[in-house]
Structure formats: structure tokens, C-alpha cells
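Peer 1:
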Amino acid sequence: MPSSKAKDSPSVERRDRLTLAKLASYDDVATDALVDRAYFWTNTRKNRTKYIPVRGIHEDDVARILLHDVIVAKDAAKAEKQLLAMSGMKKYLARLPSDREKEWFRRHLRKYIQMYLPDSPFEVTTTNRYTITEHEAAICARKFIKQGQEIKYLSGTLVPMTREEEQELDLKRKDFSIVMSSRRKTPSFFLGPARFANHDCNANGRLVTRGSEGMQVVATRDIYIGEEITVSYGGDYFGIDNCECLCLTCERAVRNGWASHVDSEEESSKASTPALNDEAMSNDSLLSPRKRKHHLDSDSDISPSSTPRKRSKFTRQSSKLRSAVSLADFAPSVGSGSDNPPPQAETSIVLETTGAASITKDAIVPASGSAAEATQVPATDCDSSTSLEADESQRSSTSTTPTSMGDVKIKVEETVETSLPESASTTATHLTLSVTGQSHSDRHLPGTDNDALSELSDLIDTPQKPKRSRGSRWKHGVVPSVEEESNRVRVPGDYTKTSKLLAQAYDRWVDCHTCNVWFVQQNSYLTRRECPRCERHSMLYGFRWPKTDKEGSMDEEERVMDHRTVHRFLYPDEEARVSRKDRGVSFGVTPTPELLEPRTETDDSEAAYENPLISLDYGVFQGRYDSTYNLSYFRKIPFAVPPTGENRFRAPQPPLRILDDVYDTDQDFDMCPQRTVNGSEDCLYLGLFSRPWDVRSASTTSPKRPVLVVFYGGGFIQGSASFTLPPSSYPVLNASDLNDYVVIYSNYRVNVFGFLPGRAVKESPSSDLNPGLLDQQSVLKWVQKYIHHFGGDPHNVTIWGQSAGGGSVIAQVLANGRGKQPKLFSKALASSPFWPKTYAYDAPEVEAIYEHLTNLTGCANATDTLTCLKEVDVQTIRDANLIISESQKYTTSTFTWGPVIDGELLSDTLTEAVTSGSLQTDLVFGMYNTHEGENFVPTGLRSQNTTDGFNSSIPSFHQWLVGFLPALSPEQIRLVESKYYPSIGRTETLNLYNSTYVRAGLIYRDVILACPAYWIASAAKTAGYVGEYTIPPAQHASDTIYWNQVNPIQQTDELIYKGYAGAFASHFQTGDPNAHKLTNASQPGVPMLLSTGDEFVVSETGFKTAELVLLKERCDFWKSIGEKIPV
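Sequential numbering from 524 applies to the sequence shown in the numbering used here.
(1) Can you tell me where the alpha helix (DSSP H) with L1633 in it begins and where it stops?
(2) Check whether the region 1503 to 1523 touches the region 1422 to 1432, counting contact only when three or more Cβ pairs, one atom from each stretch, lie closer than 8 angstroms.
(3) Please state if the CB of Y1186 and the CB of R1282 are separated by a distance shorter than 8 angstroms.
(4) Does the Cβ of V1266 have 16 or more other Cβ atoms within 10 Å, making it buried, or fewer, making it exposed?
(5) Given a threshold of 16 other Cβ atoms within 10 Å of its Cβ, counted over all protein chains shown, does R1056 qualify as buried or as exposed?
(6) Just confirm the distance between the C-beta atoms of W1216 and S1155, as a whole number of angstroms; I'd bet it's less than 8 angstroms.
(7) Using a 10 Å radius around the Cβ and a threshold of 16 neighbouring Cβ atoms, would you call G1449 buried or exposed?
(8) Of the residues F645, S1331, Y653 and E1457, which one's Cα is nearest the Cα of H1060?
(9) Just how far apart, CA to CA, sit Q1307 and C663?
(10) Output the distance between the C-alpha atoms of N1170 and D1072, rounded to the nearest integer angstrom.
(11) To the nearest angstrom, how far is the alpha carbon of P1505 from that of G1547?
(12) Taking the straight line between their C-alpha atoms, what separation do you get for M612 and G1340?
(13) Could you give the C-beta distance for F1157 and T1188, rounded to a whole number, given that I count them as a contact under 8 angstroms?
(14) For D550, which of I746, G679 and E657 has the nearest alpha-carbon?
(15) What are the boundary residues of the beta strand (DSSP E) that includes G1508?
(16) Cβ of P1055 within 7 angstroms of any heavy atom in the ligand MN?
(17) I need the boundaries of the alpha helix (DSSP H) containing A720, first residue and last residue.
(18) In its own chain, which residues sit with a C-beta less than 8 angstroms from the C-beta of A1385, not counting the 5 before and 5 after it?
(19) Does the region 1523 to 1535 touch the region 1451 to 1461, meaning 3 or more C-beta pairs lie closer than 8 angstroms?
(20) Give the secondary structure of W1420 by DSSP, where H, G and I count as helix, E and B as strand, and everything else as coil.
(21) Mind checking whether A586 and Y562 have CB atoms under 8 angstroms apart?
(22) Any idea if K569 is buried or exposed, counting beta-carbon neighbours within 10 angstroms, 16 or more meaning buried?
(23) Inspect the beta-carbon positions of T1545 and L1433 and report whether they are closer than 8 angstroms.
(24) Give me the Cβ distance between R1272 and P1166, rounded to the nearest whole Å; I'm assuming they're in contact under 8 angstroms.
(25) For L1209 and M609, what's the separation of their Cα atoms in angstroms?
(26) Please say whether A720 and T753 have beta carbons closer to each other than 8 angstroms?
(27) For A776 versus S755, is the C-beta spacing smaller than 8 angstroms?
(28) Can you grab the Cα-Cα spacing for the pair G749 / V1040, in whole Å?
(29) Identify the continuous beta strand (DSSP E) that holds I674 and give its terminal residues.
(30) So W1641 packs on V1530, CB below 8 angstroms; how close in whole Å?
(31) Does the beta-carbon distance from Q1443 to K1350 come in below 8 angstroms?
(32) Starting from D1149, follow its DSSP beta bridges and name the residues at the other end.
(33) Run the CB neighbour count on M634, radius 10 Å, all protein chains shown included, and call it buried at 16 or more, exposed below.
(34) Going by the beta-carbon positions, is the gap between D1193 and R1228 smaller than 8 angstroms?
(35) Take L589 as the anchor and find which of L1063, Y760 and V682 has the nearest alpha-carbon.
(36) Alpha carbon to alpha carbon, how far is L500 from N566?
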């Protein structure tokens, strides 16, 4: 007889460790307090049956603690103490029997507190993708997340389960997250913020283990702001090959649960009683699958893996399991609580083989097969499912009550079907055999209690109208539409802008002015400006979504500490433009006679086509359409306040709200102050154009277009983005009907106004280094925030520029996604990128320029020289700027004003970044021209007569070289003159040169133009391309005749035009210059640099490729001494 101690040991052991029952309780309280009570617009699903919210926890108190202690003070520990001091939490904590359990609860609670910290890259939101009429929790990114990065705070607690606990769990609800461990040989229970991550067949995240009790999500690819964070539940989780899956990837591909199913009327007509028809039950599962939790589990390796979950049905004759399983175990569950047993009862047995994922040290492996597999029969084909003809009044509610027997779990599905004409109920009990795996969670339908499984008697006695349980909180519940559908086949997009969710007369679909998500607003007498997600974010964080904190020391936007002071509705002028005819419905709606009236020029899509109108959060902007060039365009949109006064030499500040009714964008804007003409400091504007579109549909239902942001050239000392029609780069867009993208041209500050260097600027709290580059970055951030309103895709952005515009591309590539800088684009094209020597902000050469400027402007003797420079008139600075530029010509640099290494936007030089392999831009195309360096070397080098102090002699060449690269040692100068650029030499496309002028031009070309193009292409994260333009004279900007402005040569030399401009356009849209190739097979495409080592050559007779040997050798040399140049 076992001892008393032996008998008590299991319960003692359970008291001494964290169990799944305890964790479920902790998680319910934590989500109730820190999600549902934190201005959340619905209630999250709970783990325990009939969970009753804790009293004494008030929404405003929770929000106050989160705002003041977590978000502002970033003190999660203090917030924890404040939350636990609330009466409801204090009582719950006091009921926990031991200090150890209290500590377990605190640790789990911290996971939910930490997800509100400003550096948390995600937030909990909801989606109705799976059931249309119900919103379920989801995880959304609010910051850019790099591939391979551990998603901070998106974690959970992992608890091993005993067989006894597994049986107890099986007798309750099965909406949990369970993983199998090959080391512990036991299943584990998983809860925490990461449990809200949904499945996607192309998931961007993966669950990995952290220690023995932790789970974390790691990004498997780059995740962009606004993107849902997903994980994979396995390859066969939603039916065989996930044939029932309703994820976003499947929706976009119109496959699996979104595929068109051919209904068979013959088969469906045979089933007069759906409750007795296995196929009807199967179809209900197929057509309305819910998201299930089945997490993959790995320890240190995060390589792809899936867990097979294949299901097959036994016929009713296959009831041999009754010899091993006593149905008496299930009798109380079926019959208890009901005075009148159901008139019909049927038991069918379903075998479910669910190989669970196993945790190993190195990888995830499927659990071993079971004996059940030997008797498995082919499953029902999801692609040939029959139609579900049951009326909505016969929709069933199911509860799942599994139990365990050895290694085999038996799941009891209780199905109750009610019918409006009759009061009788039909009950069918299905026994599901599940082998060492997690069963599917129960499926709930609209109007039922989704947060707990009810007893069978509760289901039978429940009338058609759902009861409100005691203690439950109804928060903005969605009432199903009275227009119920008889056919439940899912169609892509059927959960958005559908009439099913408009139950009341004044309910309507509204477009969020912040994130562009459509949402249902109830009682919309006045239109709310933001969706529930963005409004909640604003209430908690005091900033517009997705901003959570100030963005650097120069960000002067103040956090709103009292959300009640924010106006949440559209202004009257905006409200007047809202059409209320169709209540926002656009899915599956037959137009009413009112909508079929003849269109007018003022209130229909034709008006939007001719005069597109865009409403942003700081103004309403009127665009135009031009039929001559078939373009929609907005020529002038402010993206920042004028950088005048204190804002001179400062990063761009957010634009002011435009108080006028509508801002007419069809007007020119000034260039920024130039080297030789005045310009205006009120110059931070952008313009955009594209093929025509209806803006109202472009910002909502139409496919988003790729986006191209163009930076102008001008040596960083001049240039302007204001355009007339046809705009710059129009020939590229016009090269093919395949081309369809949005083009943006923006101003940025140049010369001293955009690139004033020096220690004084760095140390000033109201000034910034490289403000010209910060202007460009501000435009890229504007694109991420607003371009969807113009039909653009913020996830498909390319930057392009020529000369200093190409140098701007290099600067932005150096910043893009590196250090603390956000990743704002994925593709780049640098045409003849002018990348001058880049000194540190406080280098002697830089300080000499700053000192020269203060002397020329009369600020040298001022107490604060930088404040003096901010007060000097524009003309005085312009004159000084011109003198400095000319004085430095042909010596230490061709031009003086340009980017400097500031330690923030630019943290290292180009050669350092390329050598480290740390660039984050995915696809890069670099172009250069054969003779373009000759534009920047002294003209005297071509003549025997001395001009500008130089001639064509060898000593004169040496004099220029030493002046151009003064930091090189004599030995390095000798290598340049003898090995890499001898007096008689060749290049890939020049068979022979023997001119001093050409020789100097090649050196300048390679150091400043060609090698920078080659370097960034070779360092691209995914693929890079390099091209050389050789058509005479092949000097700087010679190639622009084919793509910048409309030019007759584009008609007379169509081959070059189509092949050259077409490759550009293809790269802008797809990242592959050959994807939309416009030349025939006789012309080569653009070779991939790393795999071929070749460059793309544009010649007079067509296109060809050339192996890069000499250029690579020279560029490798320059890279090896990059710090001496510096470049």
C-alpha cells in the first residue's frame, strides 16, 4: 500500500510549480485589465469558462497609469505597483495562496505592461477577416522591424503540462496554445501577448523558445508599419494543405478558403437533416474556419518547419473505439442540465492525427507517428466541397470537450441545432480521436458567448436572442446585419465595406484619416476622424498613430496628456464633402436607383478624376488632370514649415495646418536659395504625378501603385523640384503601357543652407547637420504616412536621382534602416551619383569652411556665430557661399557644400559601410557615363597651353592629382599613376586612351561617380545592377536625353529609348530591370552584378554586357584607401 506521502506528492508538486490552470487565470486577469480596460473597443477572448471580469479596475485609471508611468516615465516597475494597488487587482493578488504564485502572476502581468512602452514595435488590434461579423485579436506592427530581429516584448510564458492537467484541460475548452517538447516529452501550455499572433501561410514571424519557460517571436522578413505580425500554425493546420485557410496571403492569391468552390446541388439535396450529415458539418468547418492557436516551437534555430495536421473521417461503422473508450465518461457532458433529453442523438467517431511540433536543440521536428496513421483513410477534398444549404436559423453552436486515454486524446463535439419553426433540438455528439496534438478550438457564431464554453443544457435552453451574462461587458458589439446570406462561401474582401455590419440606420463605413483603414462607425451623425485602433493609440500615447514618443531632440511636437482635448470628428468643411448615399458599402451591393442617376461634375467619380481632392490631417489638397499627357498631378504640397529664422540650418519641422477650405496645388513653388540666384527659404514643397486615377478609389479599394521619389541634381549647391507639364522623367513613365507608378519630386535645401558643417552646428540644440538630407528623409517619411491617400504603396518605394540627386540616393542608402534610422524604401537607382569627399563634421577642412563663412558674413566676432548666421539676410549668405565654392575649385574638392559624417543620419563613410556589409537597401541599380569625369577636371589638362594653372603635361597632371587627393602617400600616388591609371591605358569600354585630360577624367569619374555607383550596387542586400552609358560624348548628364524631358531622339532612336528608360521603369516597379523588358531577344537584359560580374552597356548600336575587371580592380583600390580620400 503506497504511503500517504506518495499519495500527496502529485498535489504537492502542483502547488510548487506554475500550472496551466494558474497561467490561464493570470492571463485572463492580465488581458482584462491591460487590454480590455485600456480603451480597447472590444473584449479579447478569455481562457477560462464563463470568465467574470475583476471588479475595481477602471478604464481611466488603467489608462492614466499607462500614460504617466509606462509611456512617459518609461517606468514599468512603478506602473506594476500602481496597477496592483487597484482594489480589484489587490483582491485578486491577495487570494493567491503563496508568495511564489503572486510572483508568477507579477511576471506574467509585466509582459502585458511592457508592450505599452514607447519602444515596443507592436500593438494589439483586431481583425474580422475570419468571421466577418466578429472581431478577433491580432498583432500589428507600429515600427519597422528588421528581418532576424527579435520582436521586443512580443513574448509569452511556457508551462509544461502533466497528463493529469492535460485531462483536466481536455474536459474544458480547447482554445489554448500548445507545443510539444522532444526533450521533456510533454506538451507545454503557452500564453502571453504573442498568443494574439494569427496564422499566415507566408508568415513574417516565427516562434522560438527562450529558456525553459519563455517564447518569443522573431521576424523572418522585414515587417513594415501597419503590417500584421503573423506566425505559421503548420502546413496542414486548416485542413489538408491548409485548404480552409483564410489568411491574407491566401486571400491575395485567391486560394484555399478564398477559392471559388463548385457547389454540388445533387449532394446537398440528399441531406434533409444537416445534423445527421457529415458533409454538412465538414462544410461548416470549411467555409467558416476560425483562427486556431498551434505554435511552432524551436530553441535556438529558427529555420522553417511545419507541423502536419492531416485529418480523416471514419464511417459510422468504425466504432471499435468503444471497446477502449467508455461513453459513460461523456454521459454527464451530454445529458446533464437538461430535463428533457433531445429527441435525436447520434454519435460518430472522427480520427484526427495531429502530429505536434517537437522542440529540439537544433530544429523543430514533427512528433513521431502514431498507430492511428495505419488506419487513416483519405480525407474529404476541400476543393470539391458541397454547398451548405442550411438556413441561418439552423446554424449550430459547437463545444469541444476532449479527454485523454494514454497517448490518445478523445474530443467530444456537442452540436446543437435549433430551428425557428420548431422548439425541438437535435443533438449530435461526435467523438474525435486526436493523437498527441492540439485539437481545433471551438467555432462560435454571431450572437453566442464566445468567451466561454457553455454546458449543453445552456446551449439547449438558450433562445435565439443571446442573453447578457452577469458581469459581462458589452463594448461596441457588432450587431449582425438583418440581411443574412444563405451562401457562406468566402470572397476576397467580403469583410470590408460590406452591408452585413450595418445594423442601424446611421451606421456606415468610414475611412480612417490616419491609417486609411475602413471601419464601421455606429450612429455616425458626425464622422469620426480615426478608426478605433488609431483613436485608442492617440488616447494612450498622446500622438497620432504610429508615433509613440518624440523622434529625436529636435522634435518639438508636444504629447497630448489629456485626450479629451482632442477633436475626434471631421471639421464641418470636411464633413460637407462626405458622401452618405451608400453608407460606405462597396462589396456585394446592387446600386439603388438613387445611385444610378446621371453623374454630375461635382459629386461623382468623374469629378474626382478631373479634379482629385485629397484630405490629409493638415489640409485638403486639390489636384488636376491633364488630358494631353494623361496625368493626374498635384504640383505644390507643403511637407514642412518654412525653414526661416530659428529654423534655418535646422531639420524640417512638421507642416502647419492649412486653414483655407481647399489648397490649390496647381501652382509653382520657389527653389531654395541657390548659388547664383536668390530663391526663397519658403521652399519645402513637393509635387507628384501619375497616370490618371479616381483618388477616392485609389486610396481605398484599388491596388496600390509603386512609388518613385526623385531628388534633383546640381552638385548640392543648386536645383529645384517645381515642375510644369510634361514633368521631368515623364519619358520613363511613358515608355510603356506597363508603367504605372506615382512620382514625387521634392525640394531640399542646398549649399550653405542645406549643408553647413562644423562643431558649432553639432552642438547647437536648435540646429542640425545635413538639413538638406533631412529634408529628403522628411519626404520619405511623408510618403510612408500619406502616399496611400494618393494610391501609392508605402511598402514599394524607390528613390532615384542623377548627379547630386544620385549622391542623395547614396546618402539615403547609407541611412536607410541602419542604426536608429528607419527603413523608408527598398529600391534605389543612382544615376551618375555625385558623391564628393565626405569629411567628419568637425574635420579641419570643415572647420575652415565654417570660419571662412563667418568672416565673409561679418559674424566672426559675434558672441554666438551660429545665431548671427541665422539672422543674416539671404543675399549676404548667398554671396559668401559663392565665393567659398569658387575658392575651393580643383583643389581639395570640386565643390565644398555636401554631406558630412554627422554621427546620426550618416554614421560612417560609403567605403566603410560597403566594407562592413551593413547596407539595408534590398535592390540597387547604379549607372555611370564613360567620360563624365571630364566635366569636373581643369580644362587646361587638354591643352599644351596653361589654363587655370594646368596643361596637358605629366607634371601638370601630377600637380592636379596631388591637389585633388592631398592625403595620399607618395607610394599611393605612384600606384595611381603607374598601375591603375597609366598614361596609356584602357577601360572596359575604351580600348585605348593616351590623353592627360581623359586620364584625369577617369580618376575623377571613378572616385566620385562610377565607384560609388558600383559600391552600392555590389553591397545591395538582395540584388544589384551596374550600367555604363557610352554613347558619345558620354559626358555627365549625356544620358538624360533619353529619360529626363520629352526629346525627338526618343522617337528617332526608339531602341535605346525603350531599352534604357524601360529598364529604369521596370526597376522602379519590380526591383528587376528585366521584369518589363521592352527590347527583343536580340538585345541582352541587365545582368545581375554579383552572380555574373558583368555590367550593362548602353551603346550607339544597342545594348551589350561587359565583364567588370578593370573597374572592379580600381574601385577595390579606392575602397582600400577610402579613409584617405575620404569617401
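Don't be surprised by glycine CBs; every beta carbon is placed ideally from N, CA and C. In this text, all values refer to a predicted model and were calculated from it rather than measured experimentally.
Peer 2: In terms of the structure at hand:
(1) For the purposes of this step, residue 1633 is taken as residue 1110 along the sequence shown, with counting starting at 1. L1633 to S1643 is the span of the alpha helix (DSSP H), which, as asked, contains L1633.
(2) Between the region 1503 to 1523 and the region 1422 to 1432, the count of C-beta pairs closer than 8 angstroms stays below three; the two stretches do not touch.
(3) As a working mapping, residue 1282 is identified with position 759 in the sequence shown. As a working mapping, residue 1186 is identified with position 663 in the sequence shown. No, they are not a contact pair.
(4) Within the sequence shown, residue 1266 is the residue found at index 743, counting from 1. Label assigned to V1266: buried.
(5) Stepping through the sequence shown from its first residue, residue 1056 is reached at position 533. With 16 or more other Cβ atoms within 10 Å, it is buried.
(6) In the sequence shown, residue 1216 corresponds to position 693, counting from 1. In the sequence shown, residue 1155 corresponds to position 632, counting from 1. Between S1155 and W1216 the Cβ distance is about 6 angstroms, and since that is below 8 angstroms, they are a contact.
(7) Taking the first residue of the sequence shown as position 1, residue 1449 is located at position 926. The residue is buried, with at least 16 neighbouring Cβ atoms inside 10 Å.
(8) The residue labelled residue 1060 in the question sits at position 537 within the sequence shown. Per the C-alpha coordinates, the member of F645, S1331, Y653 and E1457 positioned closest to H1060 is F645.
(9) Taking the first residue of the sequence shown as position 1, residue 1307 is located at position 784. Taking the first residue of the sequence shown as position 1, residue 663 is located at position 140. When only Cα atoms are considered, Q1307 and C663 end up about 16 angstroms apart.
(10) Residue numbering aside, residue 1170 sits at position 647 when the sequence shown is read from its first letter. Residue numbering aside, residue 1072 sits at position 549 when the sequence shown is read from its first letter. If you take the alpha carbons of N1170 and D1072, they lie about 22 angstroms apart.
(11) Here residue 1505 corresponds to residue number 982 of the sequence shown, with the count starting at 1. Here residue 1547 corresponds to residue number 1024 of the sequence shown, with the count starting at 1. Between the alpha carbons of P1505 and G1547 lies a gap of roughly 30 angstroms.
(12) Counted from its first residue, the sequence shown places residue 612 at position 89. Counted from its first residue, the sequence shown places residue 1340 at position 817. Roughly 41 angstroms separates the two Cα atoms.
(13) Against the sequence shown, residue 1157 aligns to sequence position 634. Against the sequence shown, residue 1188 aligns to sequence position 665. Contact flag correct, Cβ pair sits at about 4 angstroms.
(14) One-based indexing of the sequence shown puts residue 550 at position 27. Ranked by how close their Cα comes to the Cα of D550, the residues I746, G679 and E657 have G679 in first place.
(15) The residue you call residue 1508 lines up with position 985 of the sequence shown. Per DSSP, G1508 belongs to no beta strand (DSSP E) and is neither H nor E.
(16) Absence of the ligand MN from the depicted structure is noted, as is the absence of any ligand whatsoever, leaving it without description.
(17) Counting from one through the sequence shown, the residue named residue 720 turns up at place 197. Note, A720: premise wrong, no alpha helix (DSSP H); not H, not E.
(18) Here the question's residue 1385 lines up with position 862 in the sequence shown. Once the five neighbours on either side are set aside, the close Cβ partners of A1385 are T1377 and C1391.
(19) Contact between the region 1451 to 1461 and the region 1523 to 1535 is present, because at least three Cβ pairs lie under 8 angstroms.
(20) Walking along the sequence shown from the start, residue 1420 turns up at place 897. W1420: coil per DSSP, three-state reduction.
(21) Position 63 of the sequence shown, counted from the first residue, corresponds to residue 586. Position 39 of the sequence shown, counted from the first residue, corresponds to residue 562. One thing to note: A586 has its Cβ within 8 angstroms of the Cβ of Y562.
(22) Taking the sequence shown and counting its residues from 1, one reaches residue 569 at position 46. By the neighbour-count rule (16 or more Cβ atoms within 10 Å), K569 is buried.
(23) One-based indexing of the sequence shown puts residue 1545 at position 1022. One-based indexing of the sequence shown puts residue 1433 at position 910. L1433 is positioned such that its CB atom lies no closer than 8 angstroms to that of T1545.
(24) What you label residue 1272 is simply residue 749 of the sequence shown in a count that begins at 1. What you label residue 1166 is simply residue 643 of the sequence shown in a count that begins at 1. About 7 angstroms separates the beta carbon of R1272 from that of P1166, a gap short enough to meet the 8 angstroms contact definition.
(25) Translated into positions along the sequence shown, residue 1209 becomes position 686. Translated into positions along the sequence shown, residue 609 becomes position 86. Between L1209 and M609, the C-alpha separation is close to 51 angstroms.
(26) Within the sequence shown, the letter at position 230 stands for residue 753. Within the sequence shown, the letter at position 197 stands for residue 720. Yes, they are a contact pair.
(27) Taking the first residue of the sequence shown as 1, we reach residue 776 at position 253. Taking the first residue of the sequence shown as 1, we reach residue 755 at position 232. Not in contact: A776 and S755 (Cβ atoms no closer than 8 angstroms).
(28) Position 226 of the sequence shown, counting from 1, holds the residue named residue 749. Position 517 of the sequence shown, counting from 1, holds the residue named residue 1040. A direct Cα-to-Cα measurement between G749 and V1040 gives close to 10 angstroms.
(29) For the purposes of this step, residue 674 is identified with residue 151 of the sequence shown, where counting begins at 1. Counting along the chain, I674 sits inside the beta strand (DSSP E) bounded by residues E673 to P683.
(30) Here the question's residue 1641 lines up with position 1118 in the sequence shown. Here the question's residue 1530 lines up with position 1007 in the sequence shown. Rounded, the Cβ-Cβ distance is 6 angstroms, consistent with contact.
(31) Here residue 1443 refers to the residue found at position 920 when the sequence shown is read from its first residue. Here residue 1350 refers to the residue found at position 827 when the sequence shown is read from its first residue. Their beta carbons are not under 8 angstroms apart, which means Q1443 does not touch K1350 by this criterion.
(32) Working through the sequence shown from its first residue, we reach residue 1149 at position 626. Answer is L1154, bridged to D1149.
(33) Numbered from 1 along the sequence shown, position 111 holds the residue referred to as residue 634. Residue 634 is actually Lys in this sequence, not Met. Answer is buried; the Cβ neighbour count reaches 16.
(34) In the sequence shown, the residue the question calls residue 1193 occupies position 670. In the sequence shown, the residue the question calls residue 1228 occupies position 705. At the C-beta level, D1193 and R1228 stay beyond 8 angstroms of one another.
(35) Start at 1 with the first residue of the sequence shown, and residue 589 comes out as number 66. Cα-wise, what sits closest to L589 is L1063.
(36) This structure gives no information on residue 500, because the portion of the chain shown stretches from 524 to 1650.
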